[in-house]
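Working notes, structure below.
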Amino acid sequence: MNNSELSYKLNYILKELGMNKTEFLKACRVFNPSISKPTILNAINGKNTIAPTIETLSTIIKVCQTSKNKKLKHISYDFLLNDNIKQIEANNVLVYQEIGLSDNVIDKLKQYNHPFYYNYHNIINYYLDNLPTNYFKYLEYLKISSDIFKELNKEKYDLKKIIKYFNNDSYLEYIERNFRNIYDYYLNIKNKKEINKEQLLSLLKIIREYLIYQLLEINKKLYEMMDK
């Protein structure tokens with residue numbers, strides 16, 4: 039669990055409740071009389087040496103959900119744990135099977151839809167609804183090019199890793215059509231296991247700059263659509 043993340047959320051909860059730390063501890067003891075002062079204060083101050091217990095989190099949730107603050111009625115284990123959810127929930131598995139997003143991404147999107155914390159669901163829907171599919175294609179190509187660039191730039195690069203990064207059918211087809219010199223380097227690396235490091239780095243810089251330009255142009259058009 040990220041202590042600073044939990045601390046930020048708990049301090050925001052205190053602000054929403056209009057309580058100081060002592061008052062919050064008193065409210066927690068209504069539901070859990072044995073909860074200790076260090077347990078609550080360490081969680082609020084981000085000084086936990088171990089993760090809060092389920093009992094502690096349950097107590098905090100009860101304080102929030104029984105308050106008169108409508109925002110805090112949405113507080114849940116998912117919200118408090120956020121970065122450290124270890125087990126994939128059943129509904130996350132169904133979402134993954136349908137659209138292929140990782141558990142971490144699914145949980146992050148849930149947080150973005152949380153009315154207390156982010157509430158970005160409207161703009162995320164707008165963004166994904168209007169974003170052309172080639173945006174993700176270019177982004178994937180940029181990630182592959184950057185992975186190759188980073189590995190090649192190491193003092194002792196791993197040739198097998200570089201070949202593995204290249205080994206994407208869509209990417210290879212793209213560079214064969216648009217960056218034939220890079221494609222030829224790939225063939226040379228694959229067949230002869232030889233590489234001209236400086237020349238390939240130079241070419242990779244070009245393709246990365248081109249892909250970044252394409253991505254920026256797509257975003258620019260998306261921003262311009264907001265005025266229409």
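Residue numbers (our numbering): 39 to 266.
Beta carbons: idealized from backbone N, C-alpha and C, even for Gly.
Being a predicted model, the structure only gives us computed values, none of them experimental.
Excluding five sequence neighbours on each side, which residues of the same chain lie with their C-beta closer than 6 Å to the C-beta of residue i?
| i | result |
| --- | --- |
| ILE99 | ILE113 |
| ASP185 | TYR203 |
| PHE217 | ILE245 |
| TYR158 | TYR150 |
| GLU262 | none |
| LEU118 | LEU95 |
With DSSP collapsed to three states, give me the class of residue i.
| i | result |
| --- | --- |
| SER74 | coil |
| LYS259 | helix |
| ILE182 | helix |
| ASN234 | coil |
| LYS266 | coil |
| LEU166 | helix |
| PHE204 | helix |
| THR60 | helix |
| ASP196 | coil |
| ILE161 | helix |
| PHE174 | helix |
| SER114 | coil |
| GLU127 | With a pLDDT of only 47 at GLU127, under 50, the local geometry of the prediction cannot be trusted, and the value read off the model is given with reservation. Three-state result, GLU127: coil. |
| LEU139 | coil |
| ASN191 | coil |
| ASN49 | helix |
Is residue i buried or exposed, if buried means 16 or more other CB atoms sit within 10 Å of its CB?
| i | result |
| --- | --- |
| TYR176 | buried |
| VAL101 | buried |
| ASP145 | buried |
| ILE137 | exposed |
| LYS85 | exposed |
| PRO90 | buried |
Cutting at 7 Å between CB atoms, please list the residues of its own chain near residue i, excluding the five before and the five after it.
| i | result |
| --- | --- |
| SER183 | LEU242, ILE245, ARG246, LEU249 |
Grab me the residues of residue i's own chain with a C-beta within less than 8 Å of its C-beta, minus the 5 sequence neighbours each way, in chain order.
| i | result |
| --- | --- |
| TYR221 | LEU210, ILE213, GLU214 |
| LEU52 | ASN58, LYS59, PHE62, ILE82 |
Secondary structure, alpha helix (DSSP H): runs of 4+ residues fully inside the segment 63-109:
DSSP assignment within the segment 63-109 yields the following whole alpha helix (DSSP H) runs of 4 residues or more, N-terminal first: 75-83, 92-103.
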